[in-house]
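J.: Heads up: the sequence shown is residues 100 to 158, going by the numbering used here. Take this structure first; my questions come after.
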Amino acid sequence: MADINITHSNGEITIKFKPDRGTVSRSGKTLIVATTSGFVPVEGTDLRISLNVIKPKGS
Numbered sequence: 100m101a102d103i104n105i106t107h108s109n110g111e112i113t114i115k116f117k118p119d120r121g122t123v124s125r126s127g128k129t130l131i132v133a134t135t136s137g138f139v140p141v142e143g144t145d146l147r148i149s150l151n152v153i154k155p156k157g158s
C-alpha cells in the first residue's frame, strides 16, 4: 500500500500519494491503494487525519 503524505502550509492542507495496485480490504470487495494507517497529526495544526483511498476490486 502506498503511504499518504500530508502537509500544512499557508492555511492549506495538501494530501499526496502515488496509488499502487492495492491490497484487498477486509470485506474483500475493494482494494486499498493508499492509507495513513490510522490517525496521523497534521504538523502545525491541532488536526489529525485518517484516510484510506480505495477502488473497486477488479478495476
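Here a beta-carbon is modelled for each residue, glycine too, at the ideal position from N, C-alpha and C. Values in this document were obtained by computation on a predicted structure and should not be read as measured data.
Hey, Lys132 and Ile153 are a contact pair by Cβ (cut 8 Å); roughly how many whole angstroms apart?
T.: By 1-based counting over the sequence shown, the position of residue 132 is 33. By 1-based counting over the sequence shown, the position of residue 153 is 54. Note that residue 132 corresponds to Val in the displayed sequence, not to Lys. So it is a contact: roughly 7 Å between Cβ atoms.
J.: From the DSSP output, in three-state form, read off Thr106 for me.
T.: Taking the sequence shown and counting its residues from 1, the one referred to as residue 106 is at position 7. Thr106: strand per DSSP, three-state reduction.
J.: As a quick exercise: from Arg120, His107 and Leu150, pick the residue whose alpha carbon is nearest that of Gly137.
T.: As a first step, residue 137 must be located in the sequence shown, where it is residue number 38. The candidate whose alpha carbon is nearest that of Gly137 is Leu150.
J.: Where does Gly143 land, buried or exposed, given buried means 16+ other C-beta within 10 angstroms?
T.: On the sequence shown, position 44 is the one that residue 143 refers to. Per the 10 Å Cβ criterion, exposed.
J.: For Val123 and chain B, any beta-carbon pair shorter than 7 Å?
T.: Although the question refers to chain B, the structure presented lacks it and comprises just one protein chain.
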